[in-house]
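Shown next, in structure tokens, is the structure this report addresses.
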Amino acid sequence: MKIEKGIVTRFHSNTLELIDLNTREKITAFLRGKFKLQKITPIVGDYVEYSIENGTAKIENILPRKNLLYRPKIANVDQTVLVTCLKSPKVDYLIIDKFLVQVEKNNLDCVIVLNKVDLLEKDEIDEFLKIYSPLYPVVLTSAKKKIGIEEIKPYLKNKISTFAGMSGVGKSSLLNAINPGLKLRVGEISEKLQRGKHTTTYTELLKFDFGGFVADTPGFAAFEVYDFEPDKLQNFFVEFHEHSMYCAFNDCVHINEPHCGVKDAVENGEISEIRYKNYLKIYNEVSEYQKKTRRKRWK
Ligand SMILES: Nc1nc2c(ncn2[C@@H]2O[C@H](COP(=O)(O)OP(=O)(O)OP(=O)(O)O)[C@@H](O)[C@H]2O)c(=O)[nH]1
Ligand SMILES: [Mg+2]
Ligand SMILES: [Zn+2]
């Protein structure tokens, strides 16, 4: 029996779609009964070994995962491309920072794409760049006007990426501009609500013609996963690290403590005030969340 290697691109109840890593062919494969007994299910992004018998492909082995993301559920992700816009739908910096907390919590590399720049004034773009370009690579794009499309490609080549971001920011539109063969469905922005309509509803791994895979994930509105202690939040604000070593207290959370390196850096402009304020807001949300779940546990 010959064993081939593939990557899982989509999952149905009983069958899986694979792309063979050598031939790049699309294959539909079945799970062997042993996986059900062992309660192991492959997920999108898994590297698998499969065999073909009488024209039927069967999964033989699921290879060890490099990592596992839960929202969306996908394995072996190299990086997140955080797609955002500022207008239509309106996205504020707090939402962006919440996404970045999730990115850092999952220990993923991140590229930020600011889409719909055709709707923005220069000073709006400059403010965005001032906050985020010292922290992450930032690419400015317009899927509509085909701006910045070539600049994103090198970040995507030969990697497994997820496109994350609120519904309606233009994730599917951008992917269509990057690789027209993908032909993804694009939604409208509800005029009344100024929100996206959750056009993309399932997780699928798509193949770029120039090499690499991407999951165009459903835009998630309720992504808050605060399953960590509030004092850990500072670890997910990457620019805090180099300043926290000047804090007088080892366990400083940079809020009420005196002689705080992070607060000093906010004061002298080395850390963005907007980011710091969002830190405080998210800190309170995490604290509230933790209190609530603790109360539930005691009941
Ligand atoms: N003005 C402008 N509109 C854009 C741009 N990119 C996308 N849009 C529009 O934004 C709307 C939403 O685009 P989608 O690509 O469906 O957004 P999405 O992020 O995939 O949304 P979900 O699948 O719901 O998560 C569509 O009407 C697009 O035409 C852009 O660069 N500029
Ligand atoms: Mg979409
Ligand atoms: Zn401090």
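FYI, UniProt numbering numbers position 171 of the sequence shown as 171, with every residue one higher than the one before it. Quick reminder that beta carbons are idealized off the backbone N, C-alpha and C, glycines included. None of the values given here were measured: they were computed from a predicted structure.
Neighbourhood of residue i by C-beta, 6 Å cutoff - its chain only, sequence neighbours within 5 removed
i      : result
Val97  : With the sequence shown as reference, residue 97 is identified as Asp, and Val is not the correct amino acid for it. Closer than 6 Å at the Cβ level, and outside the excluded window around Asp97, lie Asn278.
Leu206 : Leu182, Val214
Cys260 : Cys247, Cys252, His254
Pro72  : Thr203, Thr217
Ala221 : Caution applies to Ala221, whose pLDDT of 44 falls short of 50 and renders its modelled position unreliable; the model cannot decide the point.
Leu175 : Leu182, Leu184, Asp216
Ser244 : Gly261, Val262
Pro137 : Val111
Asn14  : none
Ala237 : This sequence places Phe at residue 237; Ala is not what is there. Within the same chain, Phe237 has close Cβ partners Tyr279.
Tyr289 : Tyr226
Leu104 : Contrary to the premise, residue 104 reads as Glu rather than Leu in this sequence. Phe236, listed in sequence order.
Arg295 : none
Thr293 : none
Leu68  : Ala75
Ser173 : Ala143, Val186
Lys66  : Asn76
Beta-carbon proximity list for residue i, same chain, < 7 Å, skipping 5 on both sides
i           : result
residue 347 : The structure shown has nothing for residue 347, since the chain only spans 1 to 299.
Phe11       : Ile43, Val44
Ser272      : Ile131
Gln79       : Leu108, Asp109, Cys110, Val111, Lys159, Ser161
Asn179      : Phe208, Asp209
Thr23       : none
Ile274      : Tyr93, Ile131
Anticipated Cβ contact below 8 Å, residue i with residue j, distance rounded
i      : j      : result
Val101 : Val169 : Val101 to Val169, Cβ: 18 Å. No contact.
Val113 : Val77  : Their Cβ separation, rounded to whole angstroms, is 16 Å, which puts Val113 and Val77 out of contact at 8 Å.
Val117 : Ile147 : 6 Å
Asp46  : Ala75  : 5 Å
Tyr93  : Ile125 : Wrong, their Cβ atoms sit about 14 Å apart, outside the cutoff.
Leu119 : Ser88  : 6 Å
Phe128 : Leu86  : 7 Å
Ala143 : Ala177 : 5 Å
Val266 : Pro230 : Not a contact, Cβ separation roughly 18 Å.
Phe210 : Lys153 : 6 Å
Leu135 : Glu239 : 6 Å
Leu37  : Ala29  : 18 Å between Cβ atoms; not a contact.
Leu233 : Tyr283 : 5 Å
Leu140 : Phe208 : About 21 Å separates the two Cβ atoms, so there is no contact after all.
Beta-ladder partner(s) of residue i, from DSSP
i      : result
Ile52  : Ala57
Lys207 : Phe213
Pro30  : The question names Pro, but residue 30 in the sequence shown is Phe. Phe30 is bridged to Thr15, Lys58.
Cys110 : Thr80
Glu4   : Tyr50
Leu69  : Ile74
Ser161 : Gln79, Val214
Arg10  : Glu17
Ser142 : Ile147
Contact set for residue i: own chain, Cβ-Cβ below 8 Å, skip 5 residues either direction
i      : result
Arg32  : Lys58, Ile59, Glu60
Glu25  : Ile19
Lys2   : Ser51, Ile52
Glu150 : none
message: Using only Cβ atoms and a threshold of 5 Å, which residues come within that distance of a heavy atom of ligand 3? Order them by chain position.
response: Cys247, Cys252, His254, Cys260, Val262
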